[in-house]
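In what follows, a structure is listed as structure tokens, so that the remarks can point back to it.
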Amino acid sequence: MLDFFAKLDRRWIFLLMFLAVAIPILFQVRFPETPTPLAKAVFDAIENLPDGSKILLPFDFDPASEGELGPMATAFVVHCAEKHHKMYFIALWPVGPQMIQDEIQKVIKEDFPNLVYGVDYVNLGFKPGNEGVIKVIATDLRQLYTTDDKGTNVDRIPMMHGIRSVQDFDLVVNVSAGYPGTKEWVQYAATPYKIKLVAGCTGVQAPLLYPYIPDQLPGLLGAIKGAAEYEKLVVERYHLESNPKYLEGRRRMGPQLVAHLLMISLIVAGNVILFAQRRREKRR
Amino acid sequence: MTRERLIWTVLLVAAALWLGVRVTQTGMGSVYVQDLGNATVPASAWDGMAGTARLSVSRTVGVWVAAIFTLAIASFLYRDNPFYKIAEAVVVGVSAAYWMVIGLWATLVPNLFGKLFPGWIHSWSMPGLSPVREAYSILYFVPLLLGVLLLMRLSPKGSWIARWPLAFIIGTTAGIRLVGFIQADFLSQINSSIVPLVVVESGRFDLHATLGNLMMVIGVLACLVYFFFSVEHKGVMGGISRVGIWFLMITFGAAFGYTVMGRIALLAIRLEFLFDDWLWLIDPTGVRPPM
Chain A
3 MLDFFAKLDR
13 RWIFLLMFLA
23 VAIPILFQVR
33 FPETPTPLAK
43 AVFDAIENLP
53 DGSKILLPFD
63 FDPASEGELG
73 PMATAFVVHC
83 AEKHHKMYFI
93 ALWPVGPQMI
103 QDEIQKVIKE
113 DFPNLVYGVD
123 YVNLGFKPGN
133 EGVIKVIATD
143 LRQLYTTDDK
153 GTNVDRIPMM
163 HGIRSVQDFD
173 LVVNVSAGYP
183 GTKEWVQYAA
193 TPYKIKLVAG
203 CTGVQAPLLY
213 PYIPDQLPGL
223 LGAIKGAAEY
233 EKLVVERYHL
243 ESNPKYLEGR
253 RRMGPQLVAH
263 LLMISLIVAG
273 NVILFAQRRR
283 EKRR
Chain B
688 MTRERLIWTV
698 LLVAAALWLG
708 VRVTQTGMGS
718 VYVQDLGNAT
728 VPASAWDGMA
738 GTARLSVSRT
748 VGVWVAAIFT
758 LAIASFLYRD
768 NPFYKIAEAV
778 VVGVSAAYWM
788 VIGLWATLVP
798 NLFGKLFPGW
808 IHSWSMPGLS
818 PVREAYSILY
828 FVPLLLGVLL
838 LMRLSPKGSW
848 IARWPLAFII
858 GTTAGIRLVG
868 FIQADFLSQI
878 NSSIVPLVVV
888 ESGRFDLHAT
898 LGNLMMVIGV
908 LACLVYFFFS
918 VEHKGVMGGI
928 SRVGIWFLMI
938 TFGAAFGYTV
948 MGRIALLAIR
958 LEFLFDDWLW
968 LIDPTGVRPP
978 M
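And the structure:
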């Protein structure tokens, strides 16, 4: 028995993990979420601003991490739209503009058709240069952003009047999948210019960003768990429970729980097998 | 035919038959769109049935290609195979091509040619850019020259010339990053680590915050001692460094937990795509009539 488990083909583990994720998806399993102080801090940062505040939304992710970051990006946009904040979208990742466009279509065009492009929201598109872009626009936005994503001169966009640099925004809300992302926003904007920044990031990044909390980064949504908590706060505050597209984060927490239970079981089983094998070898 | 090949053949034929039946019965994998003036927007299958939306062939093909490529990539978990290799090669090729196009239209045209020849770029490709030449636009010949020198790497005899622009890139990047790290990571992190060990809020002792600060300071000091190799880790130093190891292990454990969460989320979204958009087995957003 011990030898059977010790030499078990890893593909059986893959199959188990597939079932652990697939079954909760097929049966739409959901669990309650309790928001943590970090998720509340992100929510409060947007909620406590006066209506019509200027929010910069750098969407620094791509389709590869959309599953993890898409729900929080959706929640950020709907929260800003409900608060009538002015949304300025930018991207430091080349596929970022498509992610922005998806959110604009999914949230603004479908549920907030009264919002006007150029007045209530603008997509300034992608700029190459990684942290160099942040360093430049922290003091002079127009040096790099002369047009929006469609090629319209920013001087012809009403909501761009009076925006000279990132320091003119009331808040920066970053969605980050890696480099360049939240770390660079902390290093080149939030720390040197005391710009208020909150973020949502992938699970891989989250532990690296914790040291910046709370002085340099007042709020952080870590992976799909953070998204689900923030989503709950937004949905309850604005009564969006009936719209399933605003419940994506919570929906994706079902497979998380079952898969994590499987992972823990496998780690415990692996250790038990290891120690049992050692004991057997000692007896010999 | 080996036993394994026979089993796989039977499974694939059964899957193909099941897909065929579902396509004819339910129309699974179809994508509908609505034409609104000059824009085409996604629509639900409800709209398609009501006749207010039309079937989008290109988007339907996109869903099927995405599903087949997802399965091809996932097949690597069983064993390396030609389907995985094809999907991998397509991803690499498409990504490289996408980067080339983005590099041209997001960098070279607006940031270089748009500065050197503003009138031409304004009339030819980007009417949003200003047609007026900047005062010192001639300076943009420097990055143009550096860019050309970088391409000399492709020349067998002149490849050494590429080291000059490369040295410029490495130097400027190191300079920019050094300042960022010193300010945001080194100095700010020291500043954040200097906290009161006994927290009193509004005249009341705050046990939670006090314990939190104590743990943080002990953790930072213990981890620093672990990485301090000038003194042998024996006695008191050995004990403190062992505490540091515990803190590091807990940190690695938290990082591993977060990584697992991220990877499971990625698997979940792919499976959700397969079950929802492709196979129509689930409908979490209520865009289709009940099957």
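If you read the protein sequences in the order shown, they are chains A and B. Those letters in the first sequence? Residues 3 to 286, by the working numbering. Those letters in the second sequence? Residues 688 to 978, by the working numbering. Using N, Cα and C, we set each Cβ at its ideal position, and we do this for glycine too.
{"Check": "Entirely within the segment 133 to 162 of chain A and at least 4 residues each: give me those alpha helix (DSSP H) ranges in chain order.", "Outcome": "133 to 139"}
{"Check": "According to DSSP, simplified to helix, strand and coil, what is V829 (chain B)?", "Outcome": "helix"}
{"Check": "Among A:A278, A:V174, A:Q103 and A:E233, which residue has its Cα nearest to the Cα of T36 (chain A)?", "Outcome": "A:E233"}
{"Check": "Between the segment 10 to 38 of chain A and chain B, which residues of the former have a C-beta closer than 7 Å to a C-beta of the latter?", "Outcome": "R13, F16, V23, A24, I27, L28 and Q30"}
{"Check": "Only counting the same chain, and skipping five residues up and downstream in sequence, which positions put a Cβ closer than 8 Å to that of W851 (chain B)?", "Outcome": "L833 and L836"}
{"Check": "On the DSSP bridge assignment, give the partners of I789 (chain B) in chain order.", "Outcome": "In the DSSP output, where bridge partners are listed per residue, I789 (chain B) has none listed."}
{"Check": "With V728 (chain B) as the anchor, note down where its beta strand (DSSP E) starts and where it stops.", "Outcome": "A726 to A730"}
{"Check": "Terminal residues of the continuous alpha helix (DSSP H) containing K227 (chain A)?", "Outcome": "A225 to Y240"}
{"Check": "Report yes if the C-beta distance between K85 (chain A) and E49 (chain A) is below 8 Å; otherwise report no.", "Outcome": "yes"}
{"Check": "Measure the Cβ-Cβ separation of P209 (chain A) and A941 (chain B) and say whether it is below 8 Å.", "Outcome": "yes"}
{"Check": "Against chain B, with Cβ distances strictly below 8 Å, would T154 (chain A) count as a contact?", "Outcome": "yes"}
{"Check": "Mind checking if Q721 (chain B) is an interface residue toward chain A, Cβ cutoff 8 Å exclusive?", "Outcome": "no"}
{"Check": "Can you confirm whether E68 (chain A), when its beta carbon is compared against all beta carbons of chain B, has any partner nearer than 8 Å?", "Outcome": "yes"}
{"Check": "Between the C-alpha atoms of A192 (chain A) and E112 (chain A), what's the straight-line distance to the nearest angstrom?", "Outcome": "33 Å"}
{"Check": "Relative to the alpha-carbon of G251 (chain A), which residue among B:M902, B:V912, B:H920 and B:T972 has its alpha-carbon at the smallest distance?", "Outcome": "B:T972"}
{"Check": "Does the beta carbon of W786 (chain B) sit closer than 8 Å to a beta carbon anywhere in chain A?", "Outcome": "yes"}
{"Check": "Secondary structure at V930 (chain B), three-state DSSP: helix, strand or coil?", "Outcome": "helix"}
{"Check": "Taking CB distances under 8 Å as the criterion, tell me whether F128 (chain A) reaches chain B.", "Outcome": "yes"}
{"Check": "Using C-beta distances below 7 Å, list every residue in its chain close to A83 (chain A), excluding the 5 sequence neighbours before and after it, in chain order.", "Outcome": "V109, I110, F114 and L117"}
{"Check": "Which residues in chain A sit within 7 Å of I951 (chain B), going by Cβ to Cβ distance?", "Outcome": "V23, P257, Q258 and A261"}
{"Check": "Only counting runs of 4 or more residues, tell me where the alpha helix (DSSP H) segments fall wholly within the segment 9 to 84 of chain A, in order along the chain.", "Outcome": "12 to 28, 39 to 49 and 68 to 84"}
{"Check": "Would you give the residue range spanned by the beta strand (DSSP E) that K88 (chain A) belongs to?", "Outcome": "K88 to A93"}
{"Check": "Just to make sure I have the definition right: I need the residues of chain A whose C-beta is within less than 9 Å of the C-beta of F868 (chain B). Which are they?", "Outcome": "Q189"}
{"Check": "For the candidate residues B:G815, B:L803 and B:V918, whose alpha-carbon lies nearest to that of D150 (chain A)?", "Outcome": "B:G815"}
{"Check": "Is Q107 (chain A) near V728 (chain B), with beta carbons less than 8 Å apart?", "Outcome": "yes"}
{"Check": "Leaving aside the five residues before and after L808 (chain B) along the sequence, list all residues of the same chain whose C-beta is less than 7 Å from its C-beta, in chain order.", "Outcome": "Rather than Leu, the amino acid found at residue 808 (chain B) in this sequence is Ile. Around I808 (chain B): V796, F800, G801 and L816."}
{"Check": "In terms of residue numbering, what span does the beta strand (DSSP E) encompassing D722 (chain B) cover?", "Outcome": "Y719 to L723"}
{"Check": "Do the segment 10 to 26 of chain A and the segment 249 to 266 of chain A make contact, defined as three or more Cβ pairs closer than 8 Å?", "Outcome": "yes"}
{"Check": "For I57 (chain A) and V174 (chain A), I'd like the C-alpha separation in whole angstroms.", "Outcome": "6 Å"}
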